[in-house]
Structure formats: structure tokens, C-alpha cells
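There are 2 protein chains.
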Amino acid sequence: VSAGPATEDTSVLGRLVALLDLERVEVDIFRGANPGSSPGRVFGGQVAAQALRAAGATVDADHRAHSLHSYFLRPGRPGVPIVYRVERIRDGRSFTTRRVVAIQHGEAIFNLDASFQRDEEGLDHEIAAPGGVPDPESLDRRDARGWHHGPMDERDVPDPVAPGDGRRVARQVWVRAAGTLPDDPALHACVTAYLSDMGPTGHPHLERVPREAFMNASLDHAMWFHRAARADEWLLYTIEPVSTSGGRGLAWGTMHTRAGRLAVVMSQEVLLRTRR
Amino acid sequence: VSAGPATEDTSVLGRLVALLDLERVEVDIFRGANPGSSPGRVFGGQVAAQALRAAGATVDADHRAHSLHSYFLRPGRPGVPIVYRVERIRDGRSFTTRRVVAIQHGEAIFNLDASFQRDEEGLDHEIAAPGGVPDPESLDRRDARGWHHGPMDERDVPDPVAPGDGRRVARQVWVRAAGTLPDDPALHACVTAYLSDMGPTGHPHLERVPREAFMNASLDHAMWFHRAARADEWLLYTIEPVSTSGGRGLAWGTMHTRAGRLAVVMSQEVLLRTRR
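These protein sequences, in sequence, are chains F and P. Throughout, our numbering is defined as the position within the first sequence, counted from one, plus 74. Throughout, our numbering is defined as the position within the second sequence, counted from one, plus 74.
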């Protein structure tokens, strides 16, 4: 731990890496540290990342996460360790599936299903990367707006363009870990899960009305890992709001590597309730 | 049961409705009929629809399904009834969540998490419906290619256009139940789940190589129900392949009502393995 902007980044990133270093209480039970500094509730990306870490710890190293589906059930409480109970749904030759329930004070706050696959060759196709996007080096780093943005270097892209066609209105950000991560592909997937939780950002109404007018919370979060990517190298994260109705907002997103490969697809539904 | 094309449709649809009329073995255990006529394996859309039906049967009528996330674990066997075991994850004032495990011969073949919400008002936004699509009446009904397409009236749209921008290559079909369904919104959601499972259709490689060259199976399936829609009225189902790699293909899809409202969003990952 030392002072100064550059080393501060490293230190904050080190705290995230430490959050993903779970304590193994039993073969299929893990405990995740959960610092108490964040006000309100635990950042959903942290819970998703820890849960994916727990699931992966019960899977052979030659199987990698290719998808996850999760629901947020109750707000996580800062300062209370989170226990992750893993259920071994299926162990197959090609595919392995796990269920994880995240628990605080005896209550499930989150659950996640994840599927892991042994690497195999196959056909290759992807939605085209957005074109004409400025390099991250030419954009300013966003001010960290709280602990959970601290470990990430995020650069908002002006005039965002969608993958595939380049026309849709979308929110877009270059993002990477603010420092170098260990060479562990499973860790990189977990950090990608962490940074993928952008909450209600990008939903059109939020751009037009004060943030305080909304009560929001993540409802679900899904990810598909298509191609290996390092979370400490730039990922172009494009988020497209799809629908808002009934107090809920759905967005989907894509993460392309700097080389233009589609690394991750995500979907997230959030509560977007107007305060009365 | 009677002969002739029009009444045959009704009869086949009646069989689908009967599949969704589950036997309640215990409060949270249901048994679904599973006819043995289909060769190979059970149609995934049937299992998803029955599982959603089971989940909904344990939820207060004023909560409606707004999302589901599911994994296909093992191929379902035709001719063997499927038992659906429901776990009550959470009962909340606004949101209720359920977990369903589908079982045959003691093995889980499928699991599903679903979230139900009490209707509430809120802001409204949606990705724009595809424009310039021909009316379903002007298109030919696709030949039923097996039992699981029988209950549906499907009309392939030539030159498909994507929602939002109208440029992406996509697969598009007008689809509705081939007859009138009872006025039960939960049943309509289940039939929508049934018809949403299009498997690997739309993935670009499949258009170019013989279908026999691929081994395919659904891996996961997710849906978000944004606005109430009848499954016996036309839905414009647009499917966009997003990525193919590692033997897997991900597509997302949208269903717009004829009035241009976004009713459903879905995602599906399928195994797309080339036969050796």
C-alpha cells in the first residue's frame, strides 16, 4: 500500500483481486470478503464475480465458463461476508454446469447458474465490431465515482455506434482493469463479470431525468463468453437499451477486444422505478 | 378429433394446450405429458413451456412472468412423462422467483429460473419494430416439418430486416398459434416460450452447408416478457445470430406484436458442432 495516483490504481485493483480470492470453507462452500466501505448495498458485479469464481473452483481447469445466468434476489449488505454454496448440477465430458447460491444471514441474496465447456474448435462468426470508434488513449478516464469503479479504467466513447450496423443509439465505453492481472483465464472472466455490471446506465430515460428520480436495482444478469479476452486489456463495451416497461429496463451489451473480436455478450434487466 | 386441414390445426393445437395442462402430483411437484411420437429427443420449447407452466402454478395470479433463464442439461426422452419440481426461491410483494428442475428417470434434463412481477406502471421505451415487413396474410404458411411445428402457423419473411435500424441480416418469421387459445395470460406466455425455441435456425453457417453436417442441441434459453401479448395473434419474430465459436452459437431475438409493440426478447445458445 503506497500513495500516488499510479500505485493507488494498483492497490485498488489488488483489493478486487483479493475479493476474488475466496476462502474455501468446505469442498463446495466458499466465503467471499465483502468490505464495508460501500454505502447502501453491495455492488452486483462483485457478487456475480465472486459467485462465478466459486463455481469455477469446483470445475476441472480444462473447462472454461462459456455462459452464466443469474438473478439478484435481495440487496447484499456491505461489511457482511458472503457465503457461496455450489451445487454440482452436471459433470460432462464437454460441458459442466454449476449452480451457486449467495447467502448472507441465512438468506439467499443472489443465485447463478453457469456452464463450463472444454475448449473445442468450430465455425467462427461474430457480429461486426463497431467502426470508427476513437482509441481509448484519446479519451479521458472517467472519474471514479465510488469504490466499485475504482479498480477499472473506463473511457466514455462520444457518439456511440452499435456493432453490426453502426447506427443505433447506444452507450459505449472502453474499459479494462486499472493495472495488470495475474495470468489466470478464470480470474479474467470473473473480472469481466465484475466490470460488466453497469446497472441502469444507458437507459434512455435516465439520460433525460435526474438520477435521483429513480429507484434502481439489478434484477438479472447473463453473460456469454465467446472468445478468451484479458480483462486488463481494452474492451469496447457497447450497451443497448432494448425495452423499458412495467418498471423494468432490459439492455444487452457486447464487449469487443481491441482487435475487433467479440469476446462477451451480456444482458441485464434492472428495476427502473420512478420515485413517488 | 376430426379430419380436414382447418380442424386438424385445432386438434394439433389442442394437443399443445393439453401438454400445458400439468398434473399436480404435490403442491410443488408437477407431471407433464410427453407424447412419444417425436423421434430422437423432446422439443426444447415444450420442456421450457411446461417448466414455466409449473413455476407459474405456484405463484399468485396477480404476479406475471417477466423473465426466465434456463439450461438444457440432457436430451429429453420422448414417451416418458417429465416431472417438474418447483423450488420457491422468494415470495416478495413485487417480485416472486421460482426454480424448476425437469426430471426423467431420476436425472435432471433441464432447469429454469423464472421471475414474476405484480403489474406496475412505469416509463415506456422499446427498440423500434422492423419496418416494411410484408403482412403475414401475403406470405405462405410454412409446411409443418414435424410435430413441434404443427400447432404453430409460421410465415417466413423474405429479406428480413432487424428492429432498430432495419439493416442487419436476420431471420424473421410471423408466428402464432394455429387456432384460438383460452383467455389465460399465463398460458399465452407458455405458448410463447414454446414457439420461441427455433433452435439453430438463422445461424449463418447453417444457411450455407447441409444441415446434416451439424450436430445441434439447445444449450440455454432466456426470455424477457415486456408487454402482454396473445400467442394466438401474429408475432413478428426476428432472430439475429450474434456469435459462433467453440462449437457454440448465440442468437438473440425479438417478438413484436402486429401493432409494433415489443412483447418479448429472447436469447438462445445452441451447440453447433460439425460432424467429423
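Idealized CB from N, CA, C, for every residue including glycine.
{"Query": "How long is the line joining the alpha carbons of T254/F and D306/F, rounded to whole angstroms?", "Result": "6 Å"}
{"Query": "Going along chain P, which residues have a C-beta under 8 Å from T348/F?", "Result": "G196, L197"}
{"Query": "So is V344/F buried or exposed if we call it buried at 16+ other beta carbons inside 10 Å?", "Result": "buried"}
{"Query": "Is there a C-beta anywhere in chain F that falls below 8 Å from the one on V207/P?", "Result": "no"}
{"Query": "Need the endpoints of the beta strand (DSSP E) that T331/F sits in, please.", "Result": "322-331"}
{"Query": "What residue from F169/P, E161/P, A302/P has the CA that sits closest to E100/P's CA?", "Result": "E161/P"}
{"Query": "Which runs of the beta strand (DSSP E) fall wholly inside the stretch 99-131 of chain P and span at least 3 residues, in chain order?", "Result": "103-106"}
{"Query": "Note down, in chain order, each residue of its chain lying with its Cβ closer than 6 Å to the Cβ of R304/F, except the 5 sequence neighbours on either side.", "Result": "H262"}
{"Query": "Can you give me the Cβ contacts of A107/P inside the same chain, cut-off strictly under 7 Å, excluding the 5 residues immediately before and after it?", "Result": "A92, L93, P155"}
{"Query": "Does any CB atom of chain F fall closer than 8 Å to the CB of G119/P?", "Result": "no"}
{"Query": "Can you tell me whether A267/P is buried or exposed, with buried defined as 16 or more other CB within 10 angstroms of its CB?", "Result": "buried"}
{"Query": "Taking just the CA atoms, how far does A236/F sit from T312/F?", "Result": "7 Å"}
{"Query": "Tell me the DSSP secondary structure of H137/F in three-state form.", "Result": "strand"}
{"Query": "Against chain P, does R332/F count as a neighbour if the rule is that its beta carbon must be under 8 Å from one of theirs?", "Result": "no"}
{"Query": "Please list the terminal residues of the continuous beta strand (DSSP E) segment that includes L336/P.", "Result": "336-348"}
{"Query": "Tell me, please, which residues DSSP counts as bridged to H179/P.", "Result": "H179/P is not bridged to any residue."}
{"Query": "Report yes if the C-beta distance between G130/P and A260/P is below 8 Å; otherwise report no.", "Result": "yes"}
{"Query": "Just list the residues that DSSP pairs R173/F with in beta bridges.", "Result": "E161/F, D187/F"}
{"Query": "Does Q342/P come within less than 8 Å of chain F when only Cβ atoms are used?", "Result": "no"}
{"Query": "Please confirm whether G220/F has its beta-carbon closer than 8 Å to some beta-carbon of chain P.", "Result": "The predicted position of G220/F is uncertain, since its pLDDT is 48 and thus under 50; a value taken from the coordinates is nonetheless stated next. No - not a single Cβ of chain P is within 8 Å of the one on G220/F."}
{"Query": "So, are the CB atoms of T348/F and F299/F less than 8 Å apart?", "Result": "no"}
{"Query": "Quick one: any contact between the stretch 323-334 of chain F and the stretch 192-207 of chain F, if contact means 3 or more CB pairs under 8 Å?", "Result": "yes"}
{"Query": "Quick check: is the beta carbon of H143/P nearer than 8 Å to any beta carbon in chain F?", "Result": "yes"}
{"Query": "Are A296/F and H143/F closer than 8 Å when you measure CB to CB?", "Result": "yes"}
{"Query": "Here's the rule: buried if 16 or more other CB atoms are within 10 angstroms of the residue's CB, otherwise exposed. What is G114/F?", "Result": "exposed"}
{"Query": "At least one CB of chain P closer than 8 Å to the CB of L336/F: is that the case?", "Result": "yes"}
{"Query": "Spatial neighbours of A176/F within its chain, please: C-beta separation below 6 Å, excluding the five flanking residues on both sides.", "Result": "V121, A125, I156, Y158, I183, F184"}
{"Query": "Spatial neighbours of Q191/P within its chain, please: C-beta separation below 7 Å, excluding the five flanking residues on both sides.", "Result": "H137, R138, H140, S168, F169"}
{"Query": "Pick helix, strand or coil for A251/P, following the three-state DSSP scheme.", "Result": "strand"}
{"Query": "On the criterion of 16 or more Cβ atoms from any shown chain inside 10 Å, does A250/F qualify as buried, or is it exposed?", "Result": "Correcting the residue identity first, residue 250/F is Arg in this sequence and not Ala. With 16 or more other Cβ atoms within 10 Å, it is buried."}
{"Query": "Pick helix, strand or coil for P278/P, following the three-state DSSP scheme.", "Result": "helix"}
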